[in-house]
Amino acid sequence: MSCADCFKGAVHDHAGEAQGSMERMYGYPCYIASAPSTSHSKSTIIFLCDAFGLNLINNKLLCDRFAAETGFRVIAPDIIPGGPAPVSVMADMESIMTQTVPWWDVWGQLKRIVTLLRVVSVFGPFLIRSGPATGYPLCLKFARAVRADLPSGAKLGVAGFCWGGYSSTNLCKDSAIEGGKERLMDAQFCGHPSGLSAPKMVVDAIKTFHTPYSMAIGDSDIAYSEKKLLETQAALRQTVGMPEESDYEIRIYKGLKHGFTIRALPGDKEAMMAMEEAREQAVNWFKRYL
50 MSCADCFKGA VHDHAGEAQG SMERMYGYPC YIASAPSTSH SKSTIIFLCD
100 AFGLNLINNK LLCDRFAAET GFRVIAPDII PGGPAPVSVM ADMESIMTQT
150 VPWWDVWGQL KRIVTLLRVV SVFGPFLIRS GPATGYPLCL KFARAVRADL
200 PSGAKLGVAG FCWGGYSSTN LCKDSAIEGG KERLMDAQFC GHPSGLSAPK
250 MVVDAIKTFH TPYSMAIGDS DIAYSEKKLL ETQAALRQTV GMPEESDYEI
300 RIYKGLKHGF TIRALPGDKE AMMAMEEARE QAVNWFKRYL
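Using the numbering used here, the letters of the sequence shown correspond one by one to residues 50 to 339.
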């Protein structure tokens, strides 16, 4: 399930303009970040966004960075059922969580109540119509379509963030075609995934097809607690093996909360540095396996 932190963070409109283009693919509007002209790779990364989808420029900018730094094409489908959450809800969440209103400030309290109701009107319906599990069949169908159209020798990776991390993880356990024996994904990276049943889903994602699996997550993530992380690591060691021998890694970022790989606050130096480190983690993983 999504958490309150899924709707918090910052818009990185200070970081430049998106360089990719929009194109309709397999029934969905998609943001395409093309590989550099110097790249000869035909491999592709599917980018599954957080709850804000392509409304949030951060997602497009990260697609651009992935394409430029890996040399692979990146496709981000606008695939969240019912559409992504409005970006404006981040400012409302920040107001509710950080601003203190004296009890005697009647007007301030009324404004706070209105803001809270506005957030609930977004948060509640989004969880009902667009939960991570609800979108998975759509992501699976899309990924299989992308895979089927890849040229000979090309590989397919997937990156998922928050909402998208549920599907990116579960795509690792599915085959390229229904009932087939060939894996769908050649490599996976997720940043603070939402909605995962730990440790089973992560173990299945890695064990089923031995898909190279990388996760970046904070030790203060309320969607995937430190207790769950420890249980997941223990289960992986018992059923799959040690990370360095079994093509998986779970990197825990100290002091970081849910959302840092996409929506880090510019004024938070530690979070911004961790966001850059997580990007490098993903880039290195994809360059290694795709």
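Even glycine gets a Cβ: it sits at the ideal position worked out from N, Cα and C.
- Does the segment 180-189 come close enough to the segment 275-289 that 3 or more CB-CB pairs lie under 8 angstroms? no
- Message: I need the straight-line Cα distance from residue 50 to residue 105, nearest angstrom please.
- Response: By one-based count along the sequence shown, residue 50 stands at place 1. By one-based count along the sequence shown, residue 105 stands at place 56. Any reading at residue 50 must be qualified, since the residue scores a pLDDT of 49, below 50, and its modelled position is unreliable; the value itself is stated next. Looking at the two C-alpha atoms, the distance is approximately 21 angstroms.
- Rounded straight-line distance, which links the Cα of residue 196 to that of residue 88: Counting from 1 along the sequence shown, the entry for residue 88 is found at position 39. Counting from 1 along the sequence shown, the entry for residue 196 is found at position 147. Cα to Cα, the separation comes out at about 20 angstroms.
- Query: Between residue 229 and residue 258, what straight-line distance do the alpha-carbon atoms span, to the nearest angstrom?
  - Reply: Position 180 of the sequence shown holds residue 229. Position 209 of the sequence shown holds residue 258. The alpha-carbon atoms of residue 229 and residue 258 are separated by roughly 11 angstroms.
- Within 8 angstroms, strictly: CB atoms of residue 99 and residue 213: Position 50 of the sequence shown, counted from the first residue, corresponds to residue 99. Position 164 of the sequence shown, counted from the first residue, corresponds to residue 213. Yes, these two residues count as a Cβ contact at 8 angstroms.
- Message: For the beta strand (DSSP E) containing residue 257, name the first residue and the last one.
- Response: As a working note, residue 257 is residue 208 in the sequence shown. Where residue 257 is concerned, there is no enclosing beta strand (DSSP E), given that its DSSP letter is neither H nor E.
- Let me know the beta strand (DSSP E) ranges lying completely inside the segment 188-271, each 3 residues or longer, listed in chain order. 205-210, 236-240 and 262-267
- Message: Can you check which of these residues, 246, 234, 101 and 185, is closest to residue 138 by C-alpha distance?
- Response: Taking the first residue of the sequence shown as 1, we reach residue 138 at position 89. Out of 246, 234, 101 and 185, 101 has the C-alpha closest to the C-alpha of residue 138.
- Those residues which DSSP pairs with residue 298 across a bridge: The count along the sequence shown starts at 1 and reaches residue 298 at position 249. Answer is 263.
- Nearest-angstrom beta carbon gap, residue 84 and residue 114 [assumed within contact, 8 angstroms]: By one-based count along the sequence shown, residue 114 stands at place 65. By one-based count along the sequence shown, residue 84 stands at place 35. Not really, about 13 angstroms apart at Cβ, beyond 8 angstroms.
- If we ignore side chains and look at the alpha-carbon of each, how far apart do residue 311 and residue 82 end up? In the sequence shown, counting from the first residue as 1, residue 311 sits at position 262. In the sequence shown, counting from the first residue as 1, residue 82 sits at position 33. Their Cα atoms are separated by approximately 17 angstroms.
- Item | residue 205 classed as buried or exposed, judged by whether at least 16 other C-beta atoms fall within 10 angstroms | One-based indexing of the sequence shown puts residue 205 at position 156. It is buried - the Cβ of residue 205 has at least 16 other Cβ atoms within 10 Å.
- With a Cβ-Cβ cutoff of 8 angstroms, do residue 402 and residue 318 count as a contact? The structure shown does not extend to residue 402, since the chain spans only 50 to 339, so no value can be given for it.
- Query: How big is the Cα-Cα spacing for residue 315 and residue 226?
  - Reply: Reading the sequence shown from its first residue, position 266 is the one you call residue 315. Reading the sequence shown from its first residue, position 177 is the one you call residue 226. Approximately 42 angstroms between the Cα atoms of the pair.
- Query: Who does residue 77 pair with in a DSSP beta bridge?
  - Reply: Numbered from its first residue, the sequence shown carries residue 77 at position 28. Answer is 74, bridged to residue 77.
- In the structure shown, what three-state DSSP assignment does residue 125 receive? On the sequence shown, residue 125 is found 76 positions in, with the first residue counted as 1. Here residue 125 sits in strand by DSSP.
- Query: CB-CB under 6 angstroms to residue 275, same chain, minus the five flanking residues each way: which ones, in chain order?
  - Reply: Residue mapping note: residue 275 aligns to position 226 of the sequence shown, counting from 1. 268.
- So residue 97 is in the beta strand (DSSP E); what residue range does that whole segment cover? Start at 1 with the first residue of the sequence shown, and residue 97 comes out as number 48. 93-97 is the extent of the beta strand (DSSP E) around residue 97.
- Quick one: using the 10 Å Cβ neighbour count with 16 as the cut-off for buried, is residue 263 buried or exposed? What you label residue 263 is simply residue 214 of the sequence shown in a count that begins at 1. That one is buried.
- 8 angstroms Cβ shell around residue 73 - same chain, five flanking residues per side excluded: By 1-based counting over the sequence shown, the position of residue 73 is 24. Cβ within range, chain order: 79.
- Item | Buried versus exposed call for residue 57 [16 or more other C-beta atoms within 10 Å across all chains shown] | As a working note, residue 57 is residue 8 in the sequence shown. Flag for residue 57 reads buried.
- Message: If contacts are defined as beta-carbon pairs under 8 angstroms, then residue 209 and residue 129 qualify, I think. What distance do you get, rounded to the angstrom?
- Response: Within the sequence shown, numbered from 1, the residue matching residue 209 stands at position 160. Within the sequence shown, numbered from 1, the residue matching residue 129 stands at position 80. About 12 angstroms; that fails the 8 angstroms criterion.
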